[in-house]
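Protein chains: 2
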Amino acid sequence: MKISSKGRYGLQAMYYVAKLGGENYVTINQLSRLIGTSEDYLEKLMAKLKRADLVVSTRGNNGGYKLSRPAVNITIGQILRCLENGIFTSKCVDGTCTAANCPHKDIFTLIYTKINGVLDDMTLNDMLKE
Amino acid sequence: MKISSKGRYGLQAMYYVAKLGGENYVTINQLSRLIGTSEDYLEKLMAKLKRADLVVSTRGNNGGYKLSRPAVNITIGQILRCLENGIFTSKCVDGTCTAANCPHKDIFTLIYTKINGVLDDMTLNDMLKE
DNA sequence: TACAATTCCGACCAATTTAGTCGGATTTGT
DNA sequence: ACAAATCCGACTAAATTGGTCGGAATTGTA
């Protein structure tokens, strides 16, 4: 249940897209050199970030990625949730718990609400300020 | 990165140990019927909870488990951390990040500190009150 | 038009973690 | 002696993560 390298690479990629971006597009090649992982793998992560509307891209020469909106409007939670598998939910919350009258729905919901609250309280802009 | 069934079963087991316990010892057989999973698997989880000093046990006839201390002094975070693998930490925090001058140490540390704070703010007693 | 730079896409594989089983050994009260 | 329990290590299966590969499609530029 740690943040896996998927989430870690994703956060780092978003950080560099934000930092180097502006009007420029940032390429996977640049990101892979900055982060230190393969282009092939990063590509998968960028695809997820794009599907979640956190970045936009153009193909072809001079193409690459940039943020879909200002860094202050992109939360750490949004980034992690789109990369990690079913992050911060559980059977007892999403309705698939098979226990009759699952007695723990409320506490699990509370746990996840609080964690998501923490993550959505921090934005990409907070990473840039460091 | 969801709370896996390990964590879920563990929280539920602790809940029932707290609820049925008091002076009594609660057995794995009871827990498995209440939670709906195998005795064999629960046994592994109880072993971890014991190693973390969250429960105490006696063997033999009339044996079983009970809390090592009052429910109000056992946090959700303590339960989850002892069951899940390296929960809420990451390379960039624990010193194994190989990036030179990892620029993200602070933000990752902040994320984990906040999440652990949330989890350690809730105790087993909060589960009992539901 | 050719070409290079780039994202995009699906199939595949390896490593790790999670989930679960099994066969006993040990302890304890009756 | 026996039954009810925890304890323990080895094993397997399933799922997820981490990563690779080959090529298709798009775009700017010479």
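Which chain is which? The protein sequence lines are A and B, in order.
Under the working numbering, the first residue of the first sequence carries the number 1498, and numbering increases by one thereafter.
Under the working numbering, the first residue of the second sequence carries the number 1498, and numbering increases by one thereafter.
Cβ coordinates follow ideal geometry from the N, Cα and C atoms, glycine included.
As the structure is a prediction and not an experimental result, all values here were calculated from the model.
- Message: Just checking: is the beta-carbon of Leu-1611(A) within a distance shorter than 8 Å of some beta-carbon in chain B?
- Response: Looking up residue 1611(A) in the first sequence gives position 114. Position check: residue 1611(A) holds Lys in this sequence, whereas Leu was assumed. Yes, its Cβ sits closer than 8 Å to a Cβ of chain B.
- Interface partners of Gln-1509(B) on chain A, CB under 7 Å: Your numbering for residue 1509(B) matches position 12 in the second sequence. Going along chain A in sequence order, the residues near Gln-1509(B) (Cβ under 7 Å) are His-1601.
- Message: When you compare the CB positions of Met-1511(B) and Leu-1551(B), do they come within less than 8 Å of one another, or not?
- Response: Against the second sequence, residue 1511(B) aligns to sequence position 14. Against the second sequence, residue 1551(B) aligns to sequence position 54. Yes, these two residues count as a Cβ contact at 8 Å.
- Assign Arg-1566(A) to buried or exposed, taking buried as 16 or more other Cβ atoms, counted over all protein chains shown, within 10 Å of its Cβ. Within the first sequence, the letter at position 69 stands for residue 1566(A). Classification for Arg-1566(A): exposed.
- So which residues on chain B does Asn-1623(A) lean against when the C-beta distance must stay under 9 Å? Your numbering for residue 1623(A) matches position 126 in the first sequence. The sequence shown places Asp at residue 1623(A), rather than the Asn named in the question. In chain order: Ile-1604, Leu-1607.
- Among the residues of its own chain, which have a CB less than 7 Å from the CB of Leu-1528(A), if the five just before and after it don't count? Position 31 of the first sequence, counted from the start, is the residue given in the question as residue 1528(A). Same-chain partners within the cutoff: Ala-1510, Tyr-1513, Leu-1539.
- Quickly, what does DSSP pair Gly-1561(B) with across the bridge? List them, please. Indexing the second sequence from 1 puts residue 1561(B) at position 64. The partner list for Gly-1561(B) (beta bridge, DSSP) reads Thr-1555(B).
- Task: At 9 Å on the CB atoms, spell out the chain A contacts of Tyr-1512(B), in chain order.
- Result: Locating residue 1512(B) in the second sequence gives position 15, counting from the first residue. Correct list: Pro-1600, His-1601, Ile-1604.
- Since Val-1553(A) and Lys-1545(A) are thought to touch, with beta carbons under 8 Å apart, how far apart are those beta carbons, to the nearest angstrom? By 1-based counting over the first sequence, the position of residue 1553(A) is 56. By 1-based counting over the first sequence, the position of residue 1545(A) is 48. In fact, because the Cβ distance is near 14 Å, the residues do not count as touching under 8 Å.
- Should the region 1519-1533 of chain A be regarded as contacting the region 1611-1627 of chain B, the criterion being three or more beta carbon pairs within less than 8 Å? no
- Query: Is Tyr-1506(B) near Gly-1561(B), with beta carbons less than 8 Å apart?
  - Reply: Here residue 1506(B) refers to the residue found at position 9 when the second sequence is read from its first residue. Here residue 1561(B) refers to the residue found at position 64 when the second sequence is read from its first residue. Cβ atoms of Tyr-1506(B) and Gly-1561(B): not closer than 8 Å.
- Inter-residue CB distance, Pro-1611(A) and Val-1615(B) (contact presumed, cutoff 8 Å): As a working mapping, residue 1611(A) is identified with position 114 in the first sequence. As a working mapping, residue 1615(B) is identified with position 118 in the second sequence. Rather than Pro, the amino acid found at residue 1611(A) in this sequence is Lys. Right, the Cβ-Cβ distance comes to about 4 Å (below 8 Å), so this counts as a contact.
- Does the beta-carbon of Leu-1580(A) have 16 or more other beta-carbons within 10 angstroms, so that it is buried, or is it exposed? The residue labelled residue 1580(A) in the question sits at position 83 within the first sequence. So Leu-1580(A) counts as buried.
- Message: For Lys-1626(B), tell me which candidate among Ser-1502(B), Ala-1515(B), Lys-1503(B) has the shortest Cα-Cα distance.
- Response: By 1-based counting over the second sequence, the position of residue 1626(B) is 129. For Lys-1626(B), the nearest C-alpha among the options comes from Ala-1515(B).
- Does Glu-1627(B) come within less than 8 Å of chain A when only Cβ atoms are used? The residue you call residue 1627(B) lines up with position 130 of the second sequence. Yes, because at least one Cβ of chain A sits closer than 8 Å to the Cβ of Glu-1627(B).
- Task: Quick one: residues in its chain with C-beta nearer than 7 Å to the C-beta of Gly-1574(A), no 5 flanking neighbours on either side, listed in chain order?
- Result: By 1-based counting over the first sequence, the position of residue 1574(A) is 77. If we look at Gly-1574(A) and ignore the five residues flanking it on each side, its Cβ neighbours are Asn-1613, Leu-1616, Asp-1617.
- Identify whether Thr-1534(A) lies in helix, strand or coil by the three-state DSSP scheme. Against the first sequence, residue 1534(A) aligns to sequence position 37. Correct three-state label for Thr-1534(A): coil.
- Taking C-alpha atoms, which residue in Ile-1500(B), Arg-1556(B), Thr-1572(B) lies nearest to Ala-1549(B)? What you label residue 1549(B) is simply residue 52 of the second sequence in a count that begins at 1. The option with the nearest alpha carbon to Ala-1549(B) is Thr-1572(B).
- Same chain only: Cβ atoms within 6 Å of Met-1624(B), ignoring 5 sequence neighbours per side: Taking the second sequence and counting its residues from 1, one reaches residue 1624(B) at position 127. Cβ neighbours of Met-1624(B) beyond the five flanking positions: Tyr-1512.
- Taking the alpha carbon of Asn-1559(B) as the point to measure from, which residue in Tyr-1609(B), Gly-1518(B), Ile-1532(B), Asp-1603(B) has its own alpha carbon closest? The sequence position of residue 1559(B) within the second sequence is 62, counting from 1. Of the listed residues, the one whose Cα sits closest to Asn-1559(B) is Gly-1518(B).
- Query: Going by C-alpha distance, which of Asn-1582(A), Met-1543(A), Arg-1556(A) is nearest Ile-1500(A)?
  - Reply: As a first step, residue 1500(A) is located in the first sequence; it is residue number 3 there, counting from the start. Of the candidates Asn-1582(A), Met-1543(A), Arg-1556(A), the one whose C-alpha sits nearest the C-alpha of Ile-1500(A) is Asn-1582(A).
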